[in-house]
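Student:
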DNA sequence: CTCCTCTATGAAAACGTTCCCGCAATTTCA
DNA sequence: TGAAATTGCGGGAACGTTTTCATAGAGGAG
């Protein structure tokens, strides 16, 4: 039914080998011949069948991306950016989500693993052993997870947190609250606590909770008890919960209390007041993770799997996006 | 490198044909033999290679979904639901976005078309001719687009709009404003205008604009001039723009003005005040569209392409989700 | 003029399945 | 009990590529 390489070959008066080469190794075929082939292909509407292509062993041309939750507003821009990057590099991206459950993640991996050349696992729930085993079978990149020997992209909130502390300090805040729902990026390196202490700001930690809107609602009522004038939330959704409850309590943001989110999702820019937040650039993370995977794939082909030198770690920074939910601390 | 059907065959002491049958037509092989094969396969960690499988002609086991914009918060829940549904039915979903530009949509289609058994095109920008041509080459389902002869899922906002009108009427509103940024679902059937007129409510239309937050900000300032006490926005993002600007203007929602969004995205439930909106169930639409495509694929295999009787149209309803952004009209 | 080295091309194997045929053994029916 | 139908399985072609190997011709060096 579909037009095959053979038809192109006979239309151009060459063998199938030459047609194949005209596409995959254009400089191995004489310019005039190549042009004739390309013309014939265009005329017939030919494009190579990826199934046949990958069967013969040259990879699938597809990258797998497993995220915890596609519907979490943090991920769609990342998916979009990775698609764009991958398409630019001649790859397709196959996305699946794990629902943050190990069983579902395994199922997702099983479903895509044979269709892709490599996998990006975001905040994987798998054990270290399983990840190593998987890495032995196919190129792997983990994000927001550290496993020795596996290439990794890590997000560092340090810069963003430091800037948040600087801003709050400059605004005259003294006592702050952090609503914790366990972000892997925060458990590493200089902790949020240290960043605040360095500026002589007190920081109380609430939680750990689940990263939900209701968590913010709940935590907001506790802020007063801590005599705090600023809140940093686990992410934008939680921060919006805080905003919501503050409004209910008749507490004005930012006049009485300042609120800071994390992620800079769409939510942050469309809330009222617009939300000061710590941005993690989706394009950067998508590009770096995608490129790292492609590099890992190339290396696997070259040196064989398992034989990795120091597996690379790339770090993504963050920065504060000041908006309307932060302002001067109320005069005491 | 990977374990093939041949190794399973020799491990189980049968031919490759039998192993193949054990997986694809289990009732054609004797139970004891089948079990032996399944055991051997499990032991070796065998799973069939999709590339080889699709090469031989039995489809790719993948559904293609092209949406205008992955990062639009309306789509991620739909993508997620379709993935879940498809996995349940033994399919994988390959998602791409068109950025609402014809050229990009063509590129996206070209990139995925050879890898999928069929395509779901959401609000396609392609011409009717192109769509017909495409439908001749592969199973196709369009959503939010009407093309004679092509299976279609359409969203009807009629019920939701009617309920919105009912609620506003009951709350005592008289004059309303609709912020238009061209929704295909509204241009069909009983128009929004008619729904309101039927309840003796006046409705002024603003726009058409772009469906952006800033559109809501802009439109909000115009509401007072229309002496309206209720606003229906093109979607939730625009509605949040309205909320934002109303707050700026010192207009209280819902005390002075009621606001209604469309889509019931995450935004609606986490805004302050929470947003009354018209919900389109993502699970329903994903399930119906996915099932329709699978059905279309099955029919194409049976009767050959192009030979379609009446191509089915399935309609998805909508309903009002009352939240805190609507309330009694202010006493005049 | 001969031999050698390239370069451009073709022939054919291989990739891992599925599925059509064919064969034997078993069951069914008269 | 014999013929016919059915069942369970194996052999092998086919799917559309890529890639290795071989070959023919073109040049270049001696």
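Residue numbers (the working numbering), protein chains in the order written: chain B, 470 to 801; chain G, 470 to 801. All C-beta atoms in this analysis are idealised placements derived from N, C-alpha and C, irrespective of residue type, glycine included.
What does the Cβ neighbour count give for residue 558(G), buried or exposed, with the cut at 16 atoms within 10 Å?
Tutor: Counting from one through the second chain, the residue named residue 558(G) turns up at place 89. The residue is exposed, with fewer than 16 neighbouring Cβ atoms inside 10 Å.
Student: Can you tell me where the alpha helix (DSSP H) with residue 663(B) in it begins and where it stops?
Tutor: Position 194 of the first chain, counted from the start, is the residue given in the question as residue 663(B). It spans 661-667 - the alpha helix (DSSP H) in which residue 663(B) sits, taken as one unbroken run.
Student: So that I know if they touch, is there some Cβ in chain B lying closer than 8 Å to that of residue 615(G)?
Tutor: For the purposes of this step, residue 615(G) is taken as residue 146 along the second chain, with counting starting at 1. So no, residue 615(G) is outside the interface.
Student: Please state the DSSP three-state secondary structure of residue 471(G).
Tutor: Here residue 471(G) is taken as the residue at index 2 of the second chain, counted from 1. DSSP places residue 471(G) in coil when its eight states are reduced to three.
Student: Name the DSSP beta bridge partners of residue 750(G), please?
Tutor: Within the second chain, residue 750(G) is the residue found at index 281, counting from 1. DSSP, once it has assigned bridges, lists no residue as partnering residue 750(G).
Student: Taking only beta-carbon atoms, is residue 619(G) less than 8 Å away from chain B?
Tutor: Along the second chain, read from residue 1 onward, the residue named residue 619(G) stands at position 150. It does not: the Cβ of residue 619(G) has no partner Cβ on chain B nearer than 8 Å.
Student: Rounded to the nearest angstrom, what separates residue 507(G) and residue 486(G) at their Cα positions?
Tutor: Here residue 507(G) refers to the residue found at position 38 when the second chain is read from its first residue. Here residue 486(G) refers to the residue found at position 17 when the second chain is read from its first residue. Using only the alpha carbons, I get a separation of about 14 Å.
Student: Counting only C-beta atoms, is residue 519(G) closer than 8 Å to chain B at any point?
Tutor: In the second chain, the residue the question calls residue 519(G) occupies position 50. Yes, residue 519(G) lies at the interface with chain B (some Cβ there is under 8 Å from its Cβ).
Student: Excluding sequence positions up to five away, which residues of its chain have a Cβ less than 7 Å from the Cβ of residue 774(G)?
Tutor: Here residue 774(G) corresponds to residue number 305 of the second chain, with the count starting at 1. Note that residue 774(G) has pLDDT 47, beneath the 50 cutoff, so the model's placement of it is unreliable and the number below is only indicative. Around residue 774(G): 605.
Student: Restricting to Cα atoms, I'd like to know which of 583(G), 530(G) and 569(G) is closest to residue 592(G).
Tutor: By one-based count along the second chain, residue 592(G) stands at place 123. Of the candidates 583(G), 530(G) and 569(G), the one whose C-alpha sits nearest the C-alpha of residue 592(G) is 569(G).
Student: The region 548-562 of chain B: which residues have C-beta closer than 8 Å to a C-beta of chain G, in chain order?
Tutor: Within the region 548-562 of chain B, the qualifying residues are 548, 549, 552, 556 and 561.
Student: Unbroken alpha helix (DSSP H) runs of length 4 or more, entirely within the region 597-643 of chain B: which are they?
Tutor: Complete alpha helix (DSSP H) runs here, min 4: 597-606 and 627-639.
Student: Going by Cα to Cα distance, which pick from 552(B), 551(B), 536(B) and 474(B) is closest to residue 514(B)?
Tutor: Looking up residue 514(B) in the first chain gives position 45. The candidate whose alpha carbon is nearest that of residue 514(B) is 474(B).
Student: Assign residue 533(B) to one of three DSSP states: helix, strand, or coil.
Tutor: Sequence index remark: in the first chain, residue 533(B) carries index 64 (1-based). In this structure, residue 533(B) counts as strand in the three-state DSSP scheme.
Student: If you count every other CB in all the chains shown that lies within 10 Å of the CB of residue 586(B), and 16 or more means buried, which is it?
Tutor: As a first step, residue 586(B) is located in the first chain; it is residue number 117 there, counting from the start. Classification of residue 586(B): buried, given that the 10 Å Cβ count is 16 or more.
Student: Does DSSP put residue 654(G) in a helix, in a strand, or in coil?
Tutor: Against the second chain, residue 654(G) aligns to sequence position 185. Helix.
Student: By the DSSP assignment, the beta strand (DSSP E) with residue 731(B) in it spans what residues?
Tutor: Counted from its first residue, the first chain places residue 731(B) at position 262. Its beta strand (DSSP E) spans residues 727-732.
Student: Is the separation between the beta-carbon of residue 536(G) and that of residue 564(G) shorter than 8 Å?
Tutor: Residue 536(G) sits at position 67 when you count from the first residue of the second chain. Residue 564(G) sits at position 95 when you count from the first residue of the second chain. A contact, by the Cβ cut-off of 8 Å.
Student: Closer than 8 Å by C-beta to residue 621(B): which residues in its own chain qualify, once you throw out the five before and the five after it? Chain order, please.
Tutor: Numbered from its first residue, the first chain carries residue 621(B) at position 152. These residues qualify, in order along the chain: 610, 611, 612, 614, 615, 780, 781, 782 and 783.
Student: Going along the region 660-694 of chain G in order, which residues come within less than 7 Å of chain B, judged by CB to CB distance?
Tutor: Going along the region 660-694 of chain G in chain order, one finds 682 with a Cβ nearer than 7 Å to chain B.
Student: If we define contact as Cβ-Cβ less than 8 Å, is residue 584(B) a contact residue for chain G?
Tutor: As a working mapping, residue 584(B) is identified with position 115 in the first chain. Yes - at least one Cβ of chain G is within 8 Å of the one on residue 584(B).
Student: Would you mind telling me which residues of chain B sit closer than 9 Å to residue 731(G), beta carbon to beta carbon, in chain order?
Tutor: For this step, residue 731(G) is matched to residue 262 along the second chain. What residue 731(G) touches in chain B: nothing, since even the nearest Cβ is about 15 Å away.
Student: Residues in the same chain with beta-carbon distance under 8 Å from residue 742(G), minus the five sequence neighbours each way, listed in chain order, please.
Tutor: Residue numbering aside, residue 742(G) sits at position 273 when the second chain is read from its first letter. Excluding residues within five positions, the ones whose Cβ falls inside 8 Å are 712, 722, 723, 792, 793 and 794.
Student: Across which residues does DSSP place residue 593(G) in a beta bridge pair?
Tutor: By one-based count along the second chain, residue 593(G) stands at place 124. None; residue 593(G) has no bridge partner.
Student: Pick out whichever of 517(B), 800(B), 496(B) and 703(B) has its Cα sitting closest to the Cα of residue 728(B).
Tutor: Taking the first chain and counting its residues from 1, the one referred to as residue 728(B) is at position 259. The shortest C-alpha separation from residue 728(B) is found at 703(B).
Student: Let me know if residue 471(G) comes out buried or exposed under the rule of 16 or more other beta-carbons within 10 Å of its beta-carbon.
Tutor: Residue mapping note: residue 471(G) aligns to position 2 of the second chain, counting from 1. Exposed, by the Cβ-count rule.
Student: Compute the beta-carbon to beta-carbon distance between residue 608(G) and residue 765(G), rounded to the nearest angstrom, for a pair I have assumed lies under 8 Å.
Tutor: Indexing the second chain from 1 puts residue 608(G) at position 139. Indexing the second chain from 1 puts residue 765(G) at position 296. 4 Å between Cβ atoms; contact.
Student: Using 8 Å as the cut-off, can you tell me whether the region 655-674 of chain G makes contact with the region 630-639 of chain G, which would need three or more C-beta pairs spanning the two stretches below that distance?
Tutor: Because the criterion of three Cβ pairs below 8 Å is met, the region 655-674 of chain G and the region 630-639 of chain G touch.
Student: Would you say residue 698(G) and residue 644(G) are within 8 Å of each other, going by their C-beta atoms?
Tutor: Residue numbering aside, residue 698(G) sits at position 229 when the second chain is read from its first letter. Residue numbering aside, residue 644(G) sits at position 175 when the second chain is read from its first letter. Taking 8 Å as the Cβ cut-off, residue 698(G) and residue 644(G) qualify as a contacting pair.
Student: Taking all protein chains shown into account, decide if residue 522(B) is buried (16 or more other Cβ within 10 angstroms of its Cβ) or exposed.
Tutor: Taking the first residue of the first chain as 1, we reach residue 522(B) at position 53. Buried: at least 16 other Cβ atoms inside 10 Å.
Student: Measure from the C-beta of residue 712(B) to each C-beta in chain G and report whether the shortest distance is under 8 Å.
Tutor: Position 243 of the first chain, counted from the start, is the residue given in the question as residue 712(B). Yes, contact with chain G.
Student: Using a Cβ cut-off of 8 Å (strictly closer), state whether residue 564(G) contacts chain B.
Tutor: To locate residue 564(G), count along the second chain from 1; it is residue 95. For residue 564(G), the answer is yes, since a Cβ of chain B falls inside 8 Å of its Cβ.
Student: For residue 668(B) versus residue 634(B), is the C-beta distance shorter than 8 Å?
Tutor: Along the first chain, one-based indexing puts residue 668(B) at 199. Along the first chain, one-based indexing puts residue 634(B) at 165. Cβ distance < 8 Å, so residue 668(B) and residue 634(B) count as in contact.
Student: Does residue 552(B) pass the burial test, meaning 16 or more other C-beta atoms within 10 Å, or should it be called exposed?
Tutor: Residue numbering aside, residue 552(B) sits at position 83 when the first chain is read from its first letter. Its Cβ being crowded by 16 or more others within 10 Å, residue 552(B) is buried.
Student: Is residue 750(G) close to chain B? Criterion is C-beta to C-beta, closer than 8 Å.
Tutor: Along the second chain, one-based indexing puts residue 750(G) at 281. No, residue 750(G) lies away from the interface with chain B (no Cβ there is under 8 Å from its Cβ).
Student: So, are the CB atoms of residue 520(G) and residue 520(B) less than 8 Å apart?
Tutor: Along the second chain, one-based indexing puts residue 520(G) at 51. Along the first chain, one-based indexing puts residue 520(B) at 51. Cβ distance < 8 Å, so residue 520(G) and residue 520(B) count as in contact.
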